[in-house]
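A.B. asks: Position one of the sequence shown corresponds to residue 1 (UniProt numbering), numbered consecutively onward.
Every residue gets a Cβ at the ideal spot worked out from N, C-alpha and C, and that includes glycine.
Quick one: the structure is below, questions incoming.
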Amino acid sequence: MGGSSDSDSHDGYLTSEYNSSNSLFSLNTGNSYSSASLDRATLDCQDSDFFDNHKSSLLSAEVPRVISNDPLHLPITLNYKRDNADATYTNGKVNKFMIVLIGLPATGKSTISSHLIQCLKNNPLTNSLRCKVFNAGKMRRQISCATISKPLLLSNTSSEDLFNPKNNDKKETYARITLQKLFHEINNDECDVGIFDATNSTTERRRFIFEEVCSFNTDELSSFNLVPIILQVSCFNRSFIKYNIHNKSFNEDYQDKPYELAIKDFAKRLKHYYSQFTPFSLDEFNQIHRYISEHEEIDTSLFFFNVINAGVVEPHSLNQSHYPSTCGKQIRDTVMVIENFINHYSQMFGFEYIEAVRLFFKNFENSSGETLTTLDSVVNDEFFDDLQSLIESNGFA
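What follows is the structure, given as structure tokens:
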């Protein structure tokens, strides 16, 4: 997962792009989230033997590779009415898809969204689907810049800090605006797959999202039916985390800020998110499915997938799929392509990311630059201990 891509725009909004380059960041998730910890040793990319030890396993599976440099295969949103001849229906409405991302900042959600779109566009089963990313952070920056005409202002007090838990209402406002944008464009038949790219890190936020999905699907004025797919992106490797924070210091929020100030601010932001984060669980999956089925009065489709540590860690029994007896071919084909993407993510894209992390630490170890010294002074053992304490205080240790 290399450098950032340039943004494509449509009506002044994000279309199938990503802005969280080189980032994978979250919690340790073995078979469940009951034992979460930040791993000190596993997949240590600062170990020069790591890459060689994992290279053969990462490349062993035969998977289709994405032609990322071919302009015909780049993820874009095309503005044409889709031919619904092969579409399937729910309650008399053509089905479209909504992918709800879940994960802490810098987990790689936006990068993986871009990779997923490339995969969908390169598969003959799904290459007619028009995909678009709706990024809450992008919406925040657009609204903020329109209001104050400058990048993110760093706060001096908790009341000024957008990411402080005391200011959740502000973040929720941006998320809800972004969600409504997704519904609007789906209903206007401007896209077939809407990816809601936000942290969606609390059960309250996720409950609201699925309440809105139910309202959309049962509204007589809605032209389509949304099939929800949940994609949780997680990472617990400390080398990855340090590398991701380094890259985040160069995003739009910090383009006018000194490196050290950016690192410190983003590290503080992560702590705020850690203090509130509740990972998505199988229990929550079952609760949401019951809620949707009861309110829509039909047995509905619902799917849950995970990408952990660039796909190197297998999610085992975490992934869940519920196909109703009346599920059509379009839904089955689309979910099959997405599931194949998840199962082979490490071979398709994770390999490049891990190599980039290895080279990052190798190059800085061989140089006399101050970047790694500055990074180490902030993202150190004390920082990781603080994150671990926040995990434990949330009941996930």
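With 16 as the cutoff for other CB atoms within 10 Å, does N258 come out buried or exposed?
C.D. replies: Here residue 258 is Pro; the residue named in the question, Asn, does not match the sequence. That one is exposed.
A.B. asks: What do you get for H246, buried or exposed, if any count of 16 or more other CB atoms within 10 angstroms of its CB means buried?
C.D. replies: The residue in question, H246, is buried, as its Cβ has 16 or more Cβ neighbours within 10 Å.
A.B. asks: Which residue spans inside the stretch 250-304 form an unbroken beta strand (DSSP E) run of at least 3?
C.D. replies: Runs found: none.
A.B. asks: Taking 6 Å as the limit between beta carbons, can you name the residues of its chain near V193, skipping five residues before and five after?
C.D. replies: F97, L129, C131, listed in sequence order.
A.B. asks: From the DSSP output, read off the bridge partner residues of H322.
C.D. replies: DSSP lists L302 as partners of H322.
A.B. asks: Suppose you measure from the CA of I263 to the CA of E297; what does that come to, to the nearest Å?
C.D. replies: Going from the Cα of I263 to the Cα of E297 covers about 49 Å.
A.B. asks: List the endpoints of the continuous alpha helix (DSSP H) containing F240.
C.D. replies: Where F240 is concerned, the enclosing alpha helix (DSSP H) stretches over 238-248.
A.B. asks: Using 8 Å for Cβ pairs, my map puts Y243 next to F360. What's the rounded Cβ distance?
C.D. replies: Confirmed, Cβ separation roughly 5 Å.
A.B. asks: Quick one: what does DSSP say D169 is sitting in, helix, strand or coil?
C.D. replies: The answer is helix: DSSP assigns D169 an H, G or I state.
A.B. asks: Would H184 be called buried (16 or more neighbouring beta carbons within 10 Å of its own) or exposed?
C.D. replies: So H184 ends up on the exposed side.
A.B. asks: Suppose the cutoff is 6 Å on Cβ atoms and the five residues either side in sequence are ignored; what does the same chain contact list for K171 look like?
C.D. replies: Correct list: empty, nothing qualifies.
A.B. asks: Could you spell out where the alpha helix (DSSP H) holding C119 opens and where it closes?
C.D. replies: That run of the alpha helix (DSSP H) goes 109-122.
A.B. asks: On a CA-only basis, which of L261, T178, N91, K268 is nearest F384? Give me that one, please.
C.D. replies: Of L261, T178, N91, K268, the residue nearest in Cα terms is K268.
A.B. asks: So, are the CB atoms of K248 and A106 less than 7 Å apart?
C.D. replies: In contact: K248 and A106 (Cβ atoms closer than 7 Å).
A.B. asks: Please report how far the alpha carbon of residue 398 lies from the alpha carbon of K109, in whole angstroms.
C.D. replies: Any answer about residue 398 is impossible in this case: the structure gives the chain only from 1 up to 397.
A.B. asks: Sorted by chain position, which residues of the same chain lie with C-beta nearer than 8 Å to L375's C-beta, five sequence neighbours on each side aside?
C.D. replies: Closer than 8 Å at the Cβ level, and outside the excluded window around L375, lie K242, I245, H246, I263.
A.B. asks: Answer yes if the stretch 215-232 comes into contact with the stretch 273-289, meaning at least three C-beta pairs across the two stretches below 8 Å, and no otherwise.
C.D. replies: With a cut-off of 8 Å, the stretch 215-232 and the stretch 273-289 count as touching, because enough Cβ pairs lie within range.
A.B. asks: Going by other Cβ atoms of all chains shown within 10 Å of its Cβ, with 16 needed for buried, is N127 buried or exposed?
C.D. replies: By the 10 Å Cβ count, N127 comes out exposed.
A.B. asks: Ends of the beta strand (DSSP E) at L375?
C.D. replies: That residue, L375, is in no beta strand (DSSP E); its alpha helix (DSSP H) goes 371-378.
A.B. asks: With a Cβ-Cβ cutoff of 7 Å, do D169 and S113 count as a contact?
C.D. replies: It is not a contact, given that the beta carbons lie outside the stated cut-off.
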